[in-house]
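Chemist: Per the numbering used here, the sequence shown starts with residue 7, numbered consecutively.
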Amino acid sequence: MRYLHDGKWPVILSALLCLSACSYNGTYRSNLSDVCTFELPNDCAKHATQISLTGTDAEYRLGFIEYDDQGQLRDRAQQDRVLSEYLEIAGKQDVIVLTFVHGWHHSARPEDGNITEFRKMLTSVSRQEAHSSQQQQRDRRPVLGVYIGWRGDSLDIPVINHATFWDRKATAHEVGRKGVTEALLRLEELVNVRNTFKDGDPPSTSRLVVIGHSFGGAVVYSSLQKILNDRFIDSRKGKNFGGNAKGFGDMVILMNPAFEALRFSSLFELSQEKCRGYFPGQLPKLAILTSESDYATKLAFPAGRFFSTVFERHRDMERYECPRPGMSNSRTVAIPQWKADRNTIGHFKPYLTHKLMPASERGPESFDLERAYSDWSAHDVDQADIYTTVDLISMQKTTARNPYMNIAVDKELMDGHNDIWGDNIIGFISELITVSTTPQQVYEQLLQN
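(1) Report back the beta-carbon spacing between Met411 and Ser383 to the nearest angstrom; my notes put them in contact at under 8 Å.
(2) On a Cα-Cα basis, can you pick out the residue from Leu191, Asp118, Arg325 that is closest to Asp159?
(3) List the whole-angstrom C-beta distance separating Thr405 from Tyr284, where the pair is believed to meet the contact cut-off of C-beta under 8 Å.
(4) Using CA coordinates, which residue listed in Glu266, Leu268, Gly369, Ala390 is at the minimum distance from Asn430?
(5) By the three-class DSSP mapping on this structure, what secondary structure does Pro286 have?
(6) For Ser380, which of Ile439, Leu452, Ile435, His423 has the nearest alpha-carbon?
(7) For Gly182, which of Ile233, Ser400, Asp81, Met323 has the nearest alpha-carbon?
(8) Apart from the five residues on each side of it in sequence, which residues of its chain come closer than 6 Å, Cβ to Cβ, to Asp49?
(9) Grab the span of the beta strand (DSSP E) containing Ile95 for me, first residue to last.
(10) Quickly, what does DSSP pair Arg337 with across the bridge? List them, please.
(11) Please list, in chain order, all residues of the same chain as Glu266 whose beta carbon is under 6 Å from its beta carbon, the five residues on each side excluded.
(12) Measure how close the beta-carbons of Val186 and Val152 come, nearest whole angstrom, since I'm counting them as under 8 Å.
(13) Can you name the start and end residues of the beta strand (DSSP E) that Thr395 belongs to?
(14) DSSP puts His53 in a beta bridge; with which residues?
(15) Sort out for me which residues DSSP pairs His219 with in a bridge.
(16) Can you look up Lys291 in the DSSP assignment and give me helix, strand or coil?
(17) For Arg213, does the three-state DSSP call read helix, strand or coil?
(18) Considering only residues of the same chain and omitting the five flanking positions on each side of Leu419, which have a CB-CB separation below 7 Å?
(19) Specify the secondary structure class of Ser442 as computed by DSSP and reduced to three states.
(20) Leaving out five residues on either side along the sequence, give the residues of the same chain with a beta carbon under 8 Å from the beta carbon of Met7.
(21) I'd like to know whether the C-beta of Pro47 is nearer than 8 Å to at least one C-beta of chain B.
(22) Using the DSSP secondary-structure output, state which residues sit across from Met411 in a beta bridge.
(23) Tell me the DSSP bridge mates of Arg67?
(24) Beta carbon of Leu295, beta carbon of Met261: below 8 Å?
(25) Considering Cα atoms alone, identify which of Lys345, Trp344, Cys328 is closest to Thr2.
(26) Compare the C-alpha of Ala189 against each of Asn349, Leu38, Ile71, Arg319 and name the closest.
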């Protein structure tokens, strides 16, 4: 009773409530002993490495790598287990590696909704690879999935956990800057392992695709921002080699990403510099997809950023858009820094390059890789649409084949923040991945024929 009188009891009660409401802060995938065969929900709940749909055209593997709030690996042995298994496979045959980083309110918890949906994406890409390899008369590349988990919630109480915006946003950038960069670079090293063979061997056709959602998009972009800028500059004329613009791996896809447009400014402006033309062999390197009805990033994010930036000083930046068809000169535009610093990249109009709409009658019944290679950026408005489940429409702000696309998605395709797994969207992403991961020699053969 003494605590009731001295005022300590309410403090103790609040502390106990907080501790009981905190989300799990440990390793979910602690079994590193063997590769588990996943067949039904709840299978392989603690296994870090798994295989599913064995012996079918949709077979894939899935590995888990987990991080704590400080951006440190929860268990380095877990990462080493996944990478060593995949390296053994990649050393013998070419592979496709798909990496997914989840966002707010998610984790590596068994049967988290994002894990379930990522399995469907792996299945779709694996089937597409089986179909493409048969058509192109080449070996089928195994699909290897990597799910990067972090504590997407600090509180387990529904509704109240929405107040963790600032906490989880800061954690996402921390995880990206401190830990995930290593894992992604090691995965890129893994897909390049067969390029170290002796002269005369055919180049590796292994490919790496990285996908981030929500604050997971912030994780990915924080970990790769400097790398993307550096590699783009390395590809410019006037340096050692003038060629196609480089990215990270073969494709980075950010879905409803929750980070400021201002973070994207330098990369966007580099891609627009002097409205540089891109070589015919340039492939997409970064695609940002944001639903027009994603109110979490459209309204809640700038509301949260208002308090973070209220004492900062901003100015207008003078930039330009590349000439549109029929125009000879670029158009100067003013970029208000305060808007770019408070709004997400997908809701900042000056940096939007495309719109994604439900498929019209112009769309093909089947995916034509040769046509996709010629106009994957949809810059030629006179050409029929090339994607089977959607229409990609260029806003004509940049030159054809700009490898960085910032796409506003119609709400019929993605309605809200978490609606990223619809069949039409997965179909588009699978086809975009096919464009970016198809071996160059296949394209050369298609053009010769």
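Quick reminder that beta carbons are idealized off the backbone N, C-alpha and C, glycines included.
Modeler: Quick answer:
(1) Working through the sequence shown from its first residue, we reach residue 411 at position 405. Working through the sequence shown from its first residue, we reach residue 383 at position 377. Yes, they are in contact, since the Cβ atoms of Met411 and Ser383 sit about 7 Å apart, within 8 Å.
(2) Mapped onto the sequence shown, residue 159 falls at position 153. Residue Asp118 is the option with its Cα nearest to Asp159.
(3) As a first step, residue 405 must be located in the sequence shown, where it is residue number 399. As a first step, residue 284 must be located in the sequence shown, where it is residue number 278. With 8 Å as the limit, Thr405 and Tyr284 qualify as a contact, their Cβ atoms being about 7 Å apart.
(4) As a position in the sequence shown, residue 430 is number 424, starting the count at 1. Taking only the C-alpha atoms, the option nearest Asn430 is Gly369.
(5) Translated into positions along the sequence shown, residue 286 becomes position 280. Pro286: coil per DSSP, three-state reduction.
(6) Counting from 1 along the sequence shown, the entry for residue 380 is found at position 374. Comparing alpha carbon positions, the residue from Ile439, Leu452, Ile435, His423 closest to Ser380 is Leu452.
(7) Against the sequence shown, residue 182 aligns to sequence position 176. Residue Ile233 is the option with its Cα nearest to Gly182.
(8) As a working mapping, residue 49 is identified with position 43 in the sequence shown. Cβ-Cβ distances below 6 Å link Asp49 to nothing in the same chain once the five nearest sequence neighbours on each side are left out.
(9) Your numbering for residue 95 matches position 89 in the sequence shown. Element bounds for Ile95: not the beta strand (DSSP E) but the alpha helix (DSSP H), 82-96.
(10) Residue mapping note: residue 337 aligns to position 331 of the sequence shown, counting from 1. Answer is Glu327, bridged to Arg337.
(11) Numbered from its first residue, the sequence shown carries residue 266 at position 260. Asp347, listed in sequence order.
(12) The residue labelled residue 186 in the question sits at position 180 within the sequence shown. The residue labelled residue 152 in the question sits at position 146 within the sequence shown. Not quite, the Cβ-Cβ distance comes to about 11 Å (not below 8 Å), so this is no contact.
(13) As a first step, residue 395 is located in the sequence shown; it is residue number 389 there, counting from the start. Where Thr395 is concerned, there is no enclosing beta strand (DSSP E), given that its DSSP letter is neither H nor E.
(14) On the sequence shown, position 47 is the one that residue 53 refers to. Looking at the DSSP output, His53 shares a beta bridge with Asn37.
(15) To locate residue 219, count along the sequence shown from 1; it is residue 213. Its beta-bridge partners are Met261.
(16) Position 285 of the sequence shown, counting from 1, holds the residue named residue 291. Lys291 sits in coil when the DSSP states are folded into three classes, being neither helix nor strand.
(17) By one-based count along the sequence shown, residue 213 stands at place 207. For Arg213, the secondary structure class from DSSP, reduced to helix, strand or coil, is strand.
(18) Position 413 of the sequence shown holds residue 419. Closer than 7 Å at Cβ, skipping near neighbours: Leu362, Pro364, Val396, Gly428, Asn430, Ile431.
(19) Against the sequence shown, residue 442 aligns to sequence position 436. Helix at Ser442.
(20) The residue you call residue 7 lines up with position 1 of the sequence shown. Its pLDDT being 45, under 50, Met7 is placed unreliably by the model, and the measurement read from it follows with that caveat. Within its own chain, no residue has a Cβ closer than 8 Å to the Cβ of Met7 once the five positions on either side in sequence are excluded.
(21) Annotation note: the requested chain B is absent from the structure, which comprises a single protein chain.
(22) Position 405 of the sequence shown, counting from 1, holds the residue named residue 411. Met411 is bridged by DSSP to Ala293.
(23) The residue labelled residue 67 in the question sits at position 61 within the sequence shown. Answer is Ile57, Leu150.
(24) Looking up residue 295 in the sequence shown gives position 289. Looking up residue 261 in the sequence shown gives position 255. With contacts defined as CB atoms closer than 8 Å, Leu295 and Met261 qualify as a contacting pair.
(25) Any answer about residue 2 is impossible in this case: the structure gives the chain only from 7 up to 455.
(26) Your numbering for residue 189 matches position 183 in the sequence shown. For Ala189, the nearest C-alpha among the options comes from Ile71.
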